Amino acid sequence: MAQAHASNFKNPVVKWIDSRLPIFTMLHHEYNEYPMPKNVNYLWAFGAIAGIMLVIMIATGLVLAMQYAANTAIAFDSVERIMRDVNYGWLLRYVHANGASFFFIAVYLHMFRGLYYGSYKAPREILWIIGVVIFLLMMATAFMGYVLPWGQMSFWGATVITNLFSAFPIVGDPIVTWLWGGFSVDNPTLNRFFALHFLLPFVILGVVILHTAALHICGSNNPLGIDPKGPQDTVPFNPYITVKDLFAVVVFLIVYAIFVFFMPNYMGHPDNYIPANPLVTPAHIVPEWYFLPFYAILRAIPDKLGGVLAMFGAIAVLVVLPWLDTSKVRSCKFRPIYRQFFWVLALDALVLGYAGAMPAEGHWLLIARIGTAYYFFHFLILLPVLGKLERPSPMPASISEPVLKGGGRVAAGAHAKPMEKA
Amino acid sequence: MAETTHPSGTGAHGAPGGDDGTSRRDFLYLATGAVGAVGVAAAAWPFIDSMNPAADTLALASIEVDLAPVAEGQSITVTWRGKPVFVRHRTAKEIDEAKKVNLSELRDPAPDDKRVQKPEWLILVGVCTHLGCVPLGQKPTDPRGDYDGWFCPCHGSHYDTAGRIRKGPAPANLVVPQYAFLSDNRIRLG
Ligand code: HEM
Ligand code: FES
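Chains A and B supply the protein sequences, listed in that same order.
In this text, residue positions in the first sequence follow the numbering used here: the first is 86, and each later residue adds one.
In this text, residue positions in the second sequence follow the numbering used here: the first is 2, and each later residue adds one.
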């Protein structure tokens, strides 16, 4: 006889469903009981915030798509119609356009959290790599979304970025023609970008589910970077973390709302309110702010193919990061030297971002070159070498120990050795 | 023996194993897999190729350009296949500058007479070979770069009076499109 799942739920309807499809058991297990290290700080909320942003983007995007027309003759006007005539169209569009920026803010903080606390190290390598995949998909989605309003920046951003592929010898030009569906960025390009812009967020959603599945296998990292030694080091996800995350989400949404309502075009570019003109390039093309560090790297290299490879390489180093960092200690808290370099890297990213927005000449070009050199030095030389040389500072025996002064009901033998790594 | 690699294989319904440890079943697995892979690749092609330029895009008519109104020293821009095409009526000085250049100095060496059919008419696709911006230099007020030709503001490429790359990140000269003189002052592009 077929065996039903033994469900513990009281409600008969829930129990009936759950014993056939244990979805409630799964949700209870993953979002009620799921043990979280009790010392996580607010940086751990940015995963949840990014998830909320994805939902907001899909919801607003779906209704915008019902009004938007992906045809070069009317795309610009259809967006203006959304702004002026469609009920709440201005709100939905500003929520969507600023949402892209805030999605990236959340994800960048989420990634730097991982860098600081060594969340990419064993056993979380796959979890980290899935994260880099999400980041790549987000960049593709945001790039194609920005093309849709068909303003000057849409058109020329699309032209410059698709032309990156022409850097590859032999296959380059056929690839670019294939991406365009023609001989320049034109109507076929806009059409396919709209189709892909609609599709990719749902692909992201699927990959996010894999990301959480991988997370719930190894469990969350924490500011100390040491594994919980037992139930005394953790709290159940609900209500402790749900409430904490919710508070962070509300604060984040307030800041987001300030932008949407009071400065909705602050992060946009005025040239994108000029309809696309294939015959006139704007004097100064800049991508959206979240691409600027990578754009600076692209322009820092005086060779076309080299620039493209460096730009993709800047993301590729993130994929292999778990193996570049040779230190067994996760958290920067116990890595006195690396901690300083972490902040140098953070500063480097900001400087690259700034240089990316400036004209690529004179001292800005020099600064972008130094920034690019440091970026690769950090990942390819510093991390492998430092892990071998650095002497980590002493770590507590458990998550509870520093708080409870060695107290707490710790089972005999559960104490880690004082110098235990990771 | 092959049987041990198949959970259900008792030999009763399995293929007799060869002496080298492979069986007919292993072969069938491989052959099925290979046929499947070819099938998937063949089925994928229409999807991929559908994204290439369609027949109507390819058929974009060639256009004719009347050169008579373009005075010496002037330039006009026409649209062809969605791209700007630069037509410059070069002055004697510009022609001279283009001819004088020592080819070994050039990143993408090409003598001036390989880039024009009539020295006074320079016809180029106005798309920077770096990342596709439209270089400045068509209007009298535009900057023309250090070599009196065109200057691409996007990442700073300088082109000379034959549209050859002289300075900046672009790897190649501005492209000379296919064109033919129909009469002394009429050309057909494409
Ligand atoms: C990962 C999630 C997403 C990101 C990062 C994103 C990003 C963007 C960006 C940057 C723009 C340009 C905004 C502007 O300047 O006007 C845009 C426009 C647009 N997006 Fe999205 N988007 C996402 C999800 C979606 C989804 C799921 C849909 C449809 C179901 C959608 C439909 C649209 C439409 C119709 C436009 C054009 C209207 C407009 O310009 O406001 N988006 N998107
Ligand atoms: S596109 Fe002209 S220099 Fe980059």
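Virtual Cβ for every residue (Gly too), placed ideally from N, Cα, C.
Predicted, not measured: the structure shown is a model, and the values here were computed from it.
Distance, residue j Cα to residue i Cα
| i | j | result |
| --- | --- | --- |
| Leu149(A) | Leu432(A) | 37 Å |
| Val270(A) | Ala243(A) | 7 Å |
| Leu106(A) | Ser92(A) | 10 Å |
| Pro444(A) | His131(B) | 16 Å |
| Val128(B) | Phe268(A) | 11 Å |
| Ile311(A) | Arg476(A) | 17 Å |
| Pro85(B) | Phe250(A) | 21 Å |
| Leu248(A) | Ser305(A) | Per the sequence shown, residue 248(A) should be read as Asn rather than Leu. About 41 Å. |
| Val33(A) | Ile102(A) | Summary: the structure shown does not reach residue 33(A), with chain A confined to residues 86 through 507, and so no result is reported for it. |
| Ser478(A) | Lys206(A) | 18 Å |
| Asn53(B) | Ile326(A) | 50 Å |
| Pro254(A) | Val126(B) | 20 Å |
| Ala252(A) | Ile190(A) | 30 Å |
| Leu377(A) | Gly438(A) | 5 Å |
| Tyr116(A) | Glu486(A) | 26 Å |
| Phe94(A) | His113(A) | 10 Å |
| Ile455(A) | Gln425(A) | 18 Å |
| Tyr351(A) | Phe188(A) | 16 Å |
| Gly391(A) | Asn124(A) | 44 Å |
| Arg384(A) | Ile246(A) | 12 Å |
| Ala549(A) | Thr157(A) | The question about residue 549(A) has no answer here: the residues shown for chain A are numbered 86 through 507. |
| Gln152(A) | Ser105(B) | 57 Å |
| Arg166(A) | Thr145(A) | 16 Å |
| Val405(A) | His195(A) | 18 Å |
| Leu474(A) | Met396(A) | 29 Å |
| Ile343(A) | His181(A) | 14 Å |
| Pro357(A) | Tyr179(A) | In the sequence as displayed, the identity of residue 357(A) is Asn instead of Pro. Distance between the alpha carbons of Asn357(A) and Tyr179(A) is about 14 Å. |
| Gly174(A) | Ala299(A) | 38 Å |
| Ser186(A) | Ala171(B) | 31 Å |
| Arg169(A) | Tyr231(A) | 19 Å |
| Pro367(A) | Pro136(B) | 10 Å |
Counterpart residues of residue i in DSSP-defined beta bridges
| i | result |
| --- | --- |
| Tyr160(B) | Trp151(B) and Ile166(B) |
| Glu65(B) | Arg189(B) |
| Ile77(B) | Val88(B) |
| Gly236(A) | Pro360(A) |
| Ile124(B) | Val88(B) |
| Ala181(B) | Arg189(B) |
| Val217(A) | According to DSSP, Val217(A) bridges with nothing at all. |
| Lys119(B) | Trp122(B) |
| Thr515(A) | The shown model of chain A, from 86 to 507, leaves out residue 515(A), and the question about it has no answer. |
| Leu137(B) | Phe152(B) |
Rounded Cβ spacing between residue i and residue j (contact assumed at less than 8 Å)
| i | j | result |
| --- | --- | --- |
| Ile359(A) | Gly236(A) | 6 Å |
| His296(A) | Thr226(A) | Going by Cβ atoms, the distance from His296(A) to Thr226(A) rounds to 16 Å, so no, they are not a contact pair. |
| Phe161(A) | Pro363(A) | With 8 Å as the limit, Phe161(A) and Pro363(A) do not qualify as a contact, their Cβ atoms being about 13 Å apart. |
| Leu212(A) | Leu285(A) | Leu212(A) to Leu285(A), Cβ: 21 Å. No contact. |
| Gly169(B) | Gly157(B) | 5 Å |
| Gly133(B) | Phe152(B) | The Cβ separation is near 15 Å, so there is no contact. |
| Ala111(B) | Arg165(B) | 6 Å |
| Arg189(B) | Leu68(B) | At roughly 11 Å, the Cβ-Cβ gap does not stay under 8 Å, so Arg189(B) and Leu68(B) are not in contact. |
| Val293(A) | Gly441(A) | With a Cβ gap of about 28 Å, Val293(A) and Gly441(A) do not count as contacting. |
| Pro421(A) | Asn126(A) | Not a contact, Cβ separation roughly 20 Å. |
| Ala173(B) | Asp114(B) | Actually they are not in contact, since the Cβ atoms of Ala173(B) and Asp114(B) sit about 18 Å apart, beyond 8 Å. |
| Leu233(A) | Phe279(A) | 6 Å |
Near ligand 3: residue i beta-carbon under 7 Å from a heavy atom
| i | result |
| --- | --- |
| Leu29(B) | This structure simply doesn't include ligand 3; it includes ligand 1 and ligand 2 instead. |
9 Å Cβ cut-off: residues of chain C touching residue i
| i | result |
| --- | --- |
| Ser269(A) | Given the protein chain composition of this structure (A and B), no chain C is represented. |
Anything with a beta carbon under 7 Å from a heavy atom of ligand 2 counts; list them all in chain order. Val245(A), Cys129(B), His131(B), Leu132(B), Gly133(B), Cys134(B), Pro136(B), Cys153(B), Cys155(B), His156(B), Gly157(B), Ser158(B), Gly169(B), Pro170(B) and Ala171(B)
What residues from the stretch 132-162 of chain B come within 9 Å of chain A, judged by C-beta to C-beta, listed N to C? Leu132, Gly133, Cys134, Val135, Pro136, Leu137, Cys153, Pro154, Cys155, His156 and Gly157
Where the stretch 105-117 of chain A meets chain B: residues whose CB sits under 8 Å from a CB there: none
Residues in the stretch 361-387 of chain A having any Cβ partner in chain B nearer than 8 Å: Pro363, Leu364, Val365, Thr366, Ala368, His369, Ile370, Arg384 and Pro387
Could you please tell me which residues of the stretch 231-258 of chain A, in chain order, have their CB closer than 9 Å to any CB of chain B? Trp241, Thr244, Val245, Ile246, Thr247, Asn248, Leu249, Ser251 and Ala252
Members of the stretch 204-231 of chain A near chain B, C-beta cut-off 7 Å: none
Along the stretch 100-134 of chain B, what residues have a CB closer than 7 Å to any CB found in chain A? His131, Leu132, Gly133 and Cys134
According to a CB-to-CB cut-off of less than 7 Å, which residues of the stretch 76-90 of chain B neighbour chain A? Thr78, Thr80, Arg82, Gly83, Lys84 and Pro85
Can you give me, in chain order, the residues of the stretch 15-49 of chain B that have a beta carbon less than 9 Å from any beta carbon in chain A? Ile49
Name the residues in the stretch 169-182 of chain B whose C-beta lies less than 8 Å from a C-beta of chain A; which are they? Pro170, Ala171 and Pro172
Anything in the stretch 444-456 of chain A with a Cβ closer than 7 Å to a Cβ of chain B? List those residues in chain order, please. Ala445 and Glu446
Between the stretch 56-74 of chain B and chain A, which residues of the former have a C-beta closer than 7 Å to a C-beta of the latter? Thr58
In chain order, what residues of the stretch 306-321 of chain A put their CB closer than 9 Å to some CB of chain B? none
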